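Numbering (the numbering used here), first residue to last: 58 to 501. Each residue gets a CB set at the ideal place from its N, CA and C atoms; glycine is no exception. Computed from a predicted model, the values in this text were never measured in an experiment.
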């Protein structure tokens, strides 16, 4: 079997604002390229077959990985904000709304029996790009759901259902069910294919294997603004792999030149300066706090520790910092240490952990190297990706409290960069965020 999952995201596809495409990753054979210059996604198989991993209705997904997930995004894609929604081993970050038999087999999400239903992300997204490979068996019925609740009731109203069904009597493959028909005569059964979807504002566009197949503009009075991403099993066998997303609409919180829009919290010892387009922090303790406040949002940034196992963090939904109480917020931990060199066992919660609340699943970043961070904060649920890999999913079930150290805070708060102690020596850059509208509080 081929090692890992080869993804055509490394190929010739150029996304908005990305410029020239990078070369294929080392080890991707020329035979993996499609005639249009893109990769066909490879075989999608791991070095050895994994035991099946399942997830039941609304149950927490399996967390443990048997080895470090293979990072499939190169540095250019990470810098442009892409994340992997599927780690190739588990269904972490997903939940099912039925008892369909969702499993992971040889690096592929698979379902072929049980009641029809969706496998949905545990957090919503608003504007985004989505890439995913799919393979539908003969006579099967499936789909990719966009801006959906966990359990949609009517695709004409509460979700966008991108159909995968060659035999559907009205809305065949690449149609939006109950909204707009795609091209007639598309046949996808039996082979791997790739959807590239852009959902932005009222507009939705779809390409299939690099060819545009659908443009849709939601002209209804109440267009959908956010929701989960869902994979459907509606009959027959369906497989998915190489599932990636890129949040759109993020705006800079740091201009790369000075600290406009930020303030140093009184009483701290840390020194915050701008060096080579990055915020450099030395010494500590101390905090640099955004003037703006953020409630539900997507935050992306890059961070670099300039020493071994240094400790820092990005605080969010924080109360205004004072000399007496400088850091009353949730903390996205930055610490790349591991126990006995085993990166499956973080040494101090791990980069991407919600510190004091949950640990990272594994250590996905390295000291002295830039790492890409993505945080989705949606109501009481937080998901974190480090270098494109999801390391954390945590839901705050505590009683409400304005101070996240004591309880659940849903209200907007500041974003703060931490100088932890006298050994602090870190850099932050490319800090940007987007507001995340809530589609339905009942769907939290």
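Proximity to residue i [Cα-Cα], best of the options
| i | options | result |
| --- | --- | --- |
| residue 263 | 405, 237 and 249 | 237 |
| residue 365 | 395, 356, 259 and 359 | 395 |
| residue 311 | 474, 121 and 147 | 474 |
| residue 376 | 495, 443 and 465 | 465 |
| residue 298 | 174, 326, 408 and 168 | 168 |
| residue 223 | 148, 208, 200 and 216 | 200 |
| residue 493 | 393, 469 and 480 | 469 |
| residue 439 | 363, 419, 480 and 467 | 467 |
| residue 348 | 317, 248, 127 and 388 | 317 |
| residue 187 | 345, 341, 228 and 203 | 203 |
| residue 505 | 327, 404 and 252 | Lying before the first or after the last residue shown, residue 505 is absent from the chain, which here runs from 58 to 501. |
| residue 359 | 437, 399 and 408 | 408 |
| residue 127 | 162, 136, 143 and 393 | 143 |
| residue 459 | 403, 429 and 386 | 386 |
| residue 400 | 419, 413, 226 and 383 | 419 |
Host beta strand (DSSP E) of residue i (start-end)
| i | result |
| --- | --- |
| residue 413 | Unbroken run through residue 413: none, as it is neither H nor E. |
| residue 127 | That residue, residue 127, is in no beta strand (DSSP E); it is neither H nor E in DSSP. |
| residue 289 | 285 to 292 |
| residue 362 | 354 to 362 |
| residue 320 | 319 to 321 |
| residue 264 | 260 to 265 |
| residue 433 | 428 to 435 |
| residue 269 | 268 to 274 |
| residue 218 | 217 to 221 |
| residue 199 | 198 to 205 |
Where residue i sits in the DSSP three-state scheme
| i | result |
| --- | --- |
| residue 134 | helix |
| residue 165 | strand |
| residue 442 | strand |
| residue 484 | strand |
| residue 279 | coil |
| residue 236 | coil |
| residue 457 | strand |
| residue 389 | strand |
| residue 368 | coil |
| residue 403 | strand |
| residue 495 | coil |
| residue 214 | coil |
| residue 348 | strand |
| residue 229 | coil |
| residue 419 | coil |
| residue 76 | With a pLDDT of 31 at residue 76, under the threshold of 50, the modelled position of this residue cannot be trusted; read the value that follows with caution. Three-state result, residue 76: coil. |
| residue 256 | strand |
| residue 379 | coil |
| residue 395 | strand |
| residue 470 | strand |
| residue 28 | A question about residue 28 goes unanswered here, because the residues of the chain that appear run from 58 up to 501. |
| residue 463 | coil |
| residue 374 | strand |
Residues sharing a beta bridge with residue i, DSSP
| i | result |
| --- | --- |
| residue 178 | 151 |
| residue 476 | 343 |
| residue 328 | 339 |
| residue 190 | 251 and 298 |
| residue 308 | 490 |
| residue 141 | 301 |
| residue 447 | 442 |
Whole-angstrom distance between residue j and residue i, CA atom to CA atom
| i | j | result |
| --- | --- | --- |
| residue 294 | residue 193 | 6 Å |
| residue 235 | residue 472 | 41 Å |
| residue 483 | residue 284 | 35 Å |
| residue 254 | residue 191 | 13 Å |
| residue 335 | residue 371 | 15 Å |
| residue 304 | residue 172 | 31 Å |
| residue 85 | residue 211 | Confidence at residue 85 is low in this model, with a pLDDT of 29, below 50, so its placement is unreliable and no value can be given for it. |
| residue 240 | residue 233 | 11 Å |
| residue 159 | residue 292 | 13 Å |
| residue 184 | residue 288 | 18 Å |
| residue 206 | residue 150 | 15 Å |
| residue 228 | residue 180 | 28 Å |
| residue 367 | residue 155 | 43 Å |
| residue 123 | residue 415 | 19 Å |
| residue 327 | residue 178 | 38 Å |
| residue 344 | residue 480 | 15 Å |
| residue 230 | residue 245 | 8 Å |
| residue 135 | residue 357 | 10 Å |
| residue 393 | residue 329 | 21 Å |
| residue 490 | residue 350 | 11 Å |
| residue 256 | residue 176 | 19 Å |
CB contact below 8 Å: residue i versus chain C
| i | result |
| --- | --- |
| residue 381 | The displayed structure is made up of one protein chain only, and chain C is not part of it. |
heavy atom of the ligand NAP below 7 Å from residue i C-beta
| i | result |
| --- | --- |
| residue 348 | Among the ligands in the structure shown, none appear at all, so the ligand NAP cannot be discussed. |
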